[in-house]
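The block underneath contains the structure these notes are about, expressed in structure tokens.
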Amino acid sequence: MADAEAKPVLLVLASTYPRWRGDHEPGFVHELSRRLGEGFNVIVLCPHAAGAARREWLDGVEVVRFPYAPARLQTLVNDGGIATNIRRAKWKMLLVPLFVMAQLVALVTMLVSRRVDAIHAHWLVPQGLIACVARSLTRSHAPILVTSHGADVFALRGKTFDVVRRHVLRRVQALTVVSRALLDRLSPQMPAEGLAEIIPMGVDLEETFTVSPTVERDPCLILFVGRLVEKKGVIHLIRAMPAIRRRHPDARLEIVGFGPEEPSLRAAVQRFGLEAIVCFMGPASPDSLPAAYRRAGVFVAPFVEAGSGDQEGLGLVVVEALGCGCPVVVGNVGAVADTLGLHFRDVAVNATDEDALADRIVSVLSAGPASQRALAASVRDRFDWRAIAGRYSELLARLIHDASLAER
94 MADAEAKPVL LVLASTYPRW RGDHEPGFVH ELSRRLGEGF NVIVLCPHAA
144 GAARREWLDG VEVVRFPYAP ARLQTLVNDG GIATNIRRAK WKMLLVPLFV
194 MAQLVALVTM LVSRRVDAIH AHWLVPQGLI ACVARSLTRS HAPILVTSHG
244 ADVFALRGKT FDVVRRHVLR RVQALTVVSR ALLDRLSPQM PAEGLAEIIP
294 MGVDLEETFT VSPTVERDPC LILFVGRLVE KKGVIHLIRA MPAIRRRHPD
344 ARLEIVGFGP EEPSLRAAVQ RFGLEAIVCF MGPASPDSLP AAYRRAGVFV
394 APFVEAGSGD QEGLGLVVVE ALGCGCPVVV GNVGAVADTL GLHFRDVAVN
444 ATDEDALADR IVSVLSAGPA SQRALAASVR DRFDWRAIAG RYSELLARLI
494 HDASLAER
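With positions in the sequence shown counted from 1, the corresponding number in the numbering used here is that position plus 93.
See below:
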């Protein structure tokens with residue numbers, strides 16, 4: 094108990110967070126939070142959803158979920174994210190002010206009632222804005238670290254959002270972005286140099302996403318894993334399948350994930366007569382993904398820029414696949430170029446050019462997994478969770494130390 098009380102208290106704000114153990118919602122905020130638990134008492138404040146506990150301990154992290162609407166209407170953040178859900182159902186825009194106000198009230202209550210030594214807000218908008226307002230209202234001295242993951246920059250365009258982001262960036266003590274592409278996009282809005290640091294999210298490359306010598310790889314299996322939204326580019330992969338089959342007759346595609354694009358993607362499969370070779374596997378639990386990567390002959394992430402301007406912020410699924418020894422083909426977007434570094438050109442393609450996409454996939458299938466061992470080795474040290482969590486822990490400890498000096 095004494096050790097726990099001696100740890101500084103880190104309050105994490107998020108909109109995307111697992112609703113329960115094994116949930117298919119992206120778990121990167123939880124994975125970072127539980128690793129930060131070695132040096133901090135971590136409390137996560139995130140939205141409630143039907144079927145989730147209002148308060149629980151998950152892997153040593155205290156999770157507090159705030160309600161923002163009647164339970165059956167709490168559909169703003171899960172199964173695709175805020176921006177995607179609003180595009181799918183415009184009425185959900187009405188939930189945004191309810192969500193923002195509910196998280197603000199919950200955060201103010203937390204800052205007033207409990208000791209908080211630092212705030213880590215995931216996403217500039219709305220969590221970064223909420224953190225700044227709550228800190229001002231409560232006159233808290235807790236420093237704010239905000240992390241931008243991409244959708245809060247690429248998908249939220251226009252002067253209004255630029256003003257909001259500038260407001261947040263003037264008031265936080267530190268900013269991390271998950272890729273160079275994000276830093277380049279945000280740089281004109283930053284009040285000063287030195288505010289931002291590139292620290293990506295991580296992947297468990299030591300115990301979970303690893304090569305298994307006992308699993309036989311299927312050289313005909315093409316795999317996609319991710320949300321079925323426009324920026325993932327799955328429609329281009331489906332359209333490329335006839336050209337792939339002409340050169341690789343036994344090739345087939347498994348699509349793991351869910352999202353608002355699924356009905357139109359299924360319709361495309363029927364339109365091209367691909368029902369026998371394209372299988373929609375549905376959402377998968379995080380624990381089942383390594384087995385999928387280990388079986389596949391190639392993992393394809395055909396990322397594109399969506400019509401809204403949204404694009405992939407980091408592309409950790411690519412790192413997961415490489416960790417399991419699965420060769421990859423990726424769409425030519427900036428953030429993934431940062432992820433893969435010098436090897437990016439070897440595996441990237443303009444995914445909207447379906448003939449070029451087919452050519453690259455067939456080439457990788459023919460070359461086999463050994464062809465990308467150097468690429469896999471290059472990402473291991475940069476994206477393993479142990480190293481990533483260590484960098485975040487050092488940054489947060491420094492912010493807390495600086496804040497304590499300022500109070501003296």
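Here a beta-carbon is modelled for each residue, glycine too, at the ideal position from N, C-alpha and C.
Predicted model only: the values in this text are computed from it and were never measured.
- For secondary structure counted as the alpha helix (DSSP H) over 4 or more consecutive residues, the segment 306-364 holds these complete runs in sequence order: 327-340 and 355-364.
- By the C-beta criterion, the segment 386-399 is judged to be in contact with the segment 413-426, since at least 3 inter-stretch pairs fall below 8 Å.
- Residue range Glu447 to Ala460 is occupied by the alpha helix (DSSP H) that includes Glu447.
- The beta-bridge partner set that DSSP reports for Trp150 consists of Glu155.
- The residues Val122, Val137, Cys139, His215 and Gln220, in chain order, have a CB closer than 7 Å to that of Ala107 in the same chain once the five nearest residues on each side in sequence are set aside.
- Per DSSP, reduced to three states, the secondary structure at Ser401 is coil, with no helix or strand assignment.
- Proximity of the segment 445-452 to the segment 328-344 meets the contact definition, three or more beta-carbon pairs being nearer than 8 Å.
- Judged by their CB atoms, Leu169 and Phe192 are nearer to each other than the 7 Å cut-off.
- DSSP places Ser280 in the helix class (H, G or I) of the three-state scheme.
- By the Cβ criterion, the segment 367-380 is not in contact with the segment 400-407, since fewer than three pairs of Cβ atoms, one from each stretch, lie closer than 8 Å.
- Taking 7 Å as the cut-off, the Cβ atoms of Tyr161 and Ala195 count as close.
- Within the segment 367-433, the beta strand (DSSP E) runs of at least 3 residues that lie entirely inside it are, in chain order, 371-375, 391-394 and 421-424.
- DSSP, reduced to helix, strand and coil, places Val239 within a strand of the structure shown.
- Comparing C-alpha distances from Met283 to each of Ile291, His260 and Ala274 shows the shortest one belongs to His260.
- Secondary structure at Leu104: strand, using DSSP grouped into helix, strand and coil.
- Measuring C-alpha to C-alpha distances from His494 to each of Gln266, Val322 and Asp446 identifies Gln266 as the nearest.
- In the structure shown, Thr231 adopts helical secondary structure according to DSSP, grouped into three states.
- For Leu330 and Leu230, the gap between their C-alpha atoms comes out near 49 Å.
- DSSP lists Val105 and Val156 as the bridge partner or partners of Val137.
- About 3 Å separates the beta carbons of Ala274 and Gly427, which is inside the 8 Å limit, making them a contact pair.
- Contiguous beta strand (DSSP E) elements confined to the segment 254-305 occur at 267-270 and 289-291, taking only those with 3 or more residues.
- At a Cβ-Cβ threshold of 7 Å, Gly408 and Thr445 do not count as neighbours.
- For the pair Ala176 and Ala248, the CB atoms are nearer than the 7 Å cut-off.
- For the set Ile348, Ala360 and Gly326, the Cα lying nearest the Cα of Asn425 is the one of Gly326.
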